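Written out below as structure tokens is the structure these notes cover.
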Amino acid sequence: MAGKDVTVTDACAARVSKIVANEAENKALRISVEGGGCSGFSYKFDLVPSAQDDDIVIEKNGATILIDELSMVYMAGSEIDFVDDLIGQSFQIRNPNAVASCGCGTSFSI
Numbered sequence: 019m020a021g022k023d024v025t026v027t028d029a030c031a032a033r034v035s036k037i038v039a040n041e042a043e044n045k046a047l048r049i050s051v052e053g054g055g056c057s058g059f060s061y062k063f064d065l066v067p068s069a070q071d072d073d074i075v076i077e078k079n080g081a082t083i084l085i086d087e088l089s090m091v092y093m094a095g096s097e098i099d100f101v102d103d104l105i106g107q108s109f110q111i112r113n114p115n116a117v118a119s120c121g122c123g124t125s126f127s128i
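Here the sequence shown stands for residues 19 to 128, numbered as in our numbering.
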């Protein structure tokens, strides 16, 4: 499965690059889907030093985003963005597979 199933905005790539520039070891943002959260599934964001064998690697503008194969099943077709507005700053995932989501923006159901 190719990383083209998930798109990364320029704002997301810029934020990831800025975050890892200040990290000694961590060079990528890992996004995974876990059971739990208000709506059944939740997104988890971690800084990691490198990819694992089952990771799909998405590179954009010098930023590296990693998504494991199982999480990609739930995230196919999604757009990962970074939003900086009056409410605050956050990574947001626009997932066309989600039929419901939570106000926190990190929980969803399929």
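Backbone N, C-alpha and C define an ideal beta-carbon position, used for all residues, glycine too.
Keep in mind the model is a prediction, meaning the values are calculated, not measured.
Counting along the chain, no alpha helix (DSSP H) covers residue 84; the unbroken beta strand (DSSP E) around it starts and ends at 81-86. Under a 10 Å Cβ-count criterion, residue 105 is classified as exposed, with fewer than 16 other Cβ atoms of the shown protein chains found around its own Cβ.
For the pair residue 23 and residue 66, the Cα-to-Cα distance works out to about 22 Å. Beta-bridge pairing by DSSP links residue 53 to 59.
Per DSSP, residue 78 lies in no alpha helix (DSSP H) segment; the continuous beta strand (DSSP E) that holds it begins and ends at 73-78.
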